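Enquirer: If you read the sequences in order, they're chains A and Y.
Per our numbering, the first sequence starts with residue 247, numbered consecutively.
Per our numbering, the second sequence starts with residue 247, numbered consecutively.
Quick reminder that beta carbons are idealized off the backbone N, C-alpha and C, glycines included.
Only a predicted model underlies this, so the values are computations on that prediction, with no experimental measurement involved.
Take a look at the following structure, please.
Number of protein chains: 2
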Amino acid sequence: MTEDAIRSAEAVLAAVRFDAAGLVPAVAQQHDTGEVLMLAWMNRDAVAETLATGRVCYFSRSRGGLWRKGETSGQVQSLKELRVDCDGDTLLLLVDQHGVACHTGRRSCFYRAVRDGALVEIAAPLVAPEALYGAGHKHG
Amino acid sequence: MTEDAIRSAEAVLAAVRFDAAGLVPAVAQQHDTGEVLMLAWMNRDAVAETLATGRVCYFSRSRGGLWRKGETSGQVQSLKELRVDCDGDTLLLLVDQHGVACHTGRRSCFYRAVRDGALVEIAAPLVAPEALYGAGHKHG
């Protein structure tokens, strides 16, 4: 890590209130369009690595380890800005999403909406999931 | 509840995976500007009430009860659309925020950003918190 990255990580980590599991929810938003892409979780190491590398790294609760977004699928997120909320218990990541954020091949994970009393799909996949993951691995 | 509201609530609740505490994180986004305002939590009753009334109701983890956003401060959120993510474990609320979302008097709770290696405030309060809460109550 560069000195700047270490200082950034320390400043952020001091302001973040991780939960009992050592995690904090992080909302990823496309920096220019404002589209909310996904929500995932970060631990201290994920925050530090993201600030150090400029590539978003989450903590996978299902795998129990760091999840470098795009390492399998190529659909990486470049960090534009990291924000912390008033209580320090949520992060907002302004990112540049390469390709699609969702493991279903959709740009955003929020592709189902309540309309006229029913939950309907409002976005179609842009890529086939099989094209993203050879062995059916779900983390992007 | 109207029949439509009951159908909506059932359709959504069937798709949502609440956590062990019976909660799901909900991201509130201003529907027209795209600004991410806050993240809070909902239980089943909060989701059902929000769909039934069109006014956003969360579950306050600190108070352990329903938190009708704006009931103290007047800063209510009108629901424009409710979305569910791919895994069903996060909600996205497109809202029309009346006034400010943050208990600090700022429009958004995400008013601190990492810039040049430091965490800095990027938005000032639009209203004094004392003007929002008579007795220092923090929930908006």
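Since I believe Phe356(A) is in contact with Val302(A) (beta carbons under 8 Å), could you give me their beta-carbon distance rounded to a whole number of angstroms?
Expert: Taking the first residue of the first sequence as 1, we reach residue 302(A) at position 56. Taking the first residue of the first sequence as 1, we reach residue 356(A) at position 110. Not a contact, Cβ separation roughly 17 Å.
Enquirer: Find the residues of chain Y that neighbour Asp331(A), judging by a C-beta separation of less than 9 Å, and give them in chain order.
Expert: Here residue 331(A) is taken as the residue at index 85 of the first sequence, counted from 1. Chain Y residues near Asp331(A): Met284, Leu285, Cys348, Ser354, Cys355, Phe356, Tyr357 and Arg358.
Enquirer: Quick one, are the C-beta atoms of Leu285(A) and Thr336(Y) less than 8 Å apart?
Expert: What you label residue 285(A) is simply residue 39 of the first sequence in a count that begins at 1. What you label residue 336(Y) is simply residue 90 of the second sequence in a count that begins at 1. Contact: yes.
Enquirer: Name the chain A residues whose beta carbon is nearer than 7 Å to that of Glu317(Y)?
Expert: Stepping through the second sequence from its first residue, residue 317(Y) is reached at position 71. By Cβ distance, chain A contributes nothing, its closest Cβ being about 19 Å from Glu317(Y), past 7 Å.
Enquirer: Compute the distance between the beta-carbons of Leu325(A) and Thr296(A), then report whether it is under 8 Å.
Expert: For this step, residue 325(A) is matched to residue 79 along the first sequence. For this step, residue 296(A) is matched to residue 50 along the first sequence. Yes.
Enquirer: Quick one: using the 10 Å Cβ neighbour count with 16 as the cut-off for buried, is Val366(A) buried or exposed?
Expert: Taking the first residue of the first sequence as 1, we reach residue 366(A) at position 120. The residue is exposed, with fewer than 16 neighbouring Cβ atoms inside 10 Å.
Enquirer: Alpha carbon to alpha carbon, how far is Val322(Y) from Ala294(Y)? Give it in angstroms, no decimals.
Expert: The sequence position of residue 294(Y) within the second sequence is 48, counting from 1. The sequence position of residue 322(Y) within the second sequence is 76, counting from 1. Each residue's alpha carbon lies about 17 Å from the other.
Enquirer: Determine whether the Cβ of Asp250(A) lies closer than 8 Å to any Cβ atom of chain Y.
Expert: Stepping through the first sequence from its first residue, residue 250(A) is reached at position 4. True, the Cβ-Cβ gap to chain Y drops below 8 Å.
Enquirer: Going straight from the alpha carbon of Ala261(Y) to that of Ala272(Y), what length do you get?
Expert: Taking the second sequence and counting its residues from 1, the one referred to as residue 261(Y) is at position 15. Taking the second sequence and counting its residues from 1, the one referred to as residue 272(Y) is at position 26. Looking at the two C-alpha atoms, the distance is approximately 14 Å.
Enquirer: Quick one, which of Glu317(A), Asp333(A), Pro371(A) and Arg329(A) has its alpha-carbon nearest Ser308(Y)'s?
Expert: Taking the first residue of the second sequence as 1, we reach residue 308(Y) at position 62. Checking every option, the nearest Cα to that of Ser308(Y) belongs to Asp333(A).
Enquirer: At least one CB of chain A closer than 8 Å to the CB of Gly345(Y): is that the case?
Expert: By one-based count along the second sequence, residue 345(Y) stands at place 99. Judged by the 8 Å Cβ criterion, Gly345(Y) is not in contact with chain A.
Enquirer: Going straight from the alpha carbon of Gln276(A) to that of Asp250(Y), what length do you get?
Expert: The sequence position of residue 276(A) within the first sequence is 30, counting from 1. The sequence position of residue 250(Y) within the second sequence is 4, counting from 1. Taking the straight line from one Cα to the other gives about 33 Å.
Enquirer: With a Cβ-Cβ cutoff of 8 Å, do Ala257(A) and Ala364(Y) count as a contact?
Expert: Position 11 of the first sequence, counted from the first residue, corresponds to residue 257(A). Position 118 of the second sequence, counted from the first residue, corresponds to residue 364(Y). Cβ atoms of Ala257(A) and Ala364(Y): closer than 8 Å.
Enquirer: Following a CB-centred definition, is Phe305(Y) positioned closer than 7 Å to any heavy atom of the ligand NAD?
Expert: This structure lacks the ligand NAD, and indeed carries no ligand of any kind.
Enquirer: Would you call Leu372(A) buried or exposed, if buried means 16 or more other Cβ atoms sit within 10 Å of its Cβ?
Expert: For the purposes of this step, residue 372(A) is taken as the residue at position 126 of the first sequence. With fewer than 16 Cβ atoms within 10 Å of its Cβ, Leu372(A) is classed as exposed.
Enquirer: Taking DSSP's pairing of strands, which residues face Tyr304(A) in a bridge?
Expert: Numbered from its first residue, the first sequence carries residue 304(A) at position 58. Its beta-bridge partners are Trp313(A).
Enquirer: Going by DSSP in three states, Asp342(A) sits in which element: helix, strand or coil?
Expert: Numbered from 1 along the first sequence, position 96 holds the residue referred to as residue 342(A). Strand.
Enquirer: Please state the DSSP three-state secondary structure of Leu354(A).
Expert: In the first sequence, the residue the question calls residue 354(A) occupies position 108. Correcting the residue type first, residue 354(A) is Ser in the shown sequence and not Leu. In the structure shown, Ser354(A) sits in coil (DSSP, three-state: anything other than H, G, I, E or B).
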